């Protein structure tokens with residue numbers, strides 16, 4: 009998905025005064041409104057400053073927020089966080105700094121500005137327990153540090169399929185991953201092999217404990233990590249192609265049958 013700035017608002021979209029948020033499903037590209045809860049929390053102490061409500065157009069905003077917080081602008085000190093949770097367990101939680109960022113970054117895929125209103129479009133990543141949407145295939149994995157043997161929380165995953173389509177995902181706090189993507193087209197003789205890129209910073213897992221959700225900017229800026237093809241070697245992992253009708257399980261070779269894990273070097 010290409011990030012854009014100052015994109016004209018969708019037809020019929022009314023932006024409330026002050027900042028707002030809109031959400032899309034990273035797997036399907038469809039808007040997400042139902043089942044979400046957005047809480048604005050004071051960074052020091054976690055006091056609830058307000059809960060967002062959704063407008064008829066699907067934009068979330070804080071109509072009863074004190075002006076001190078509503079008028080905070082990008083560049084002002086970050087004193088609070090917006091924590092986004094899906095009460096239906098379809099999507100992973102995330103947090104955004106308040107004041108909200110001014111430009112696209114990571115899961116913030118677009119920023120629309122109209123007068124005093126500013127709307128951020130944010131992509132939601134699939135939770136590990138989510139069922140695949142109709143017509144889609146799934147990629148699952150359990151990411152574990154090779155050195156520590158511990159689950160790798162909030163690792164960012166980029167999966168490029170044989171049609172060169174790029175899909176973004178994340179592990180949860182327990183290192184579990186689920187990606188849902190459009191089914192691959194019939195294999196072509198010159199089709200490229202699927203590719204997997206992993207980005208992980210152990211400090212993000214610790215920093216996320218307080219809110220129970222990773223900061224989207226820190227999540228997007230994690231350094232690259234190496235997934236291992238074999239537990240006893242250093243060769244980078246290359247995902248296999250899909251078998252018709254089956255999910256794709258990402259796993260390092262050379263581990264006991266009870267440990268279907270994808271090991272990350274140096275973690």
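Numbering (our numbering), first residue to last: 9 to 275.
No residue lacks a Cβ here, since even glycine has one placed at the ideal position from N, Cα and C.
The structure displayed is predicted, hence computed values, not measured ones.
- Residue 93: not part of any alpha helix (DSSP H); member of the beta strand (DSSP E) spanning 88 to 94, first to last residue.
- Distance from the CA of residue 34 to the CA of residue 201, rounded to the nearest whole angstrom, comes to 22 Å.
- The straight-line gap separating the alpha-carbon atoms of residue 83 and residue 30 is approximately 22 Å.
- Nearest to residue 249 by alpha-carbon distance, out of 154, 268, 145, is 145.
- Residue 106 and residue 88 do touch by the CB rule: their CB atoms are close to 4 Å apart, below 8 Å.
- DSSP places residue 212 inside the alpha helix (DSSP H), whose first and last residues are 210 to 215.
- Residue state for residue 70 is assigned as coil, using DSSP reduced to three classes.
- Comparing alpha-carbon positions, the option among 236, 265, 262 lying closest to residue 274 turns out to be 236.
- Classified as exposed, residue 156 has fewer than 16 neighbouring CB atoms from the shown chains inside 10 Å of its CB.
- For the 8 Å CB-CB criterion, residue 172 and residue 162 do not form a contact.
- At a Cβ-Cβ threshold of 8 Å, residue 26 and residue 67 do not count as neighbours.
- In the three-state scheme derived from DSSP, where H, G and I count as helix and E and B as strand, residue 106 is classed as strand.
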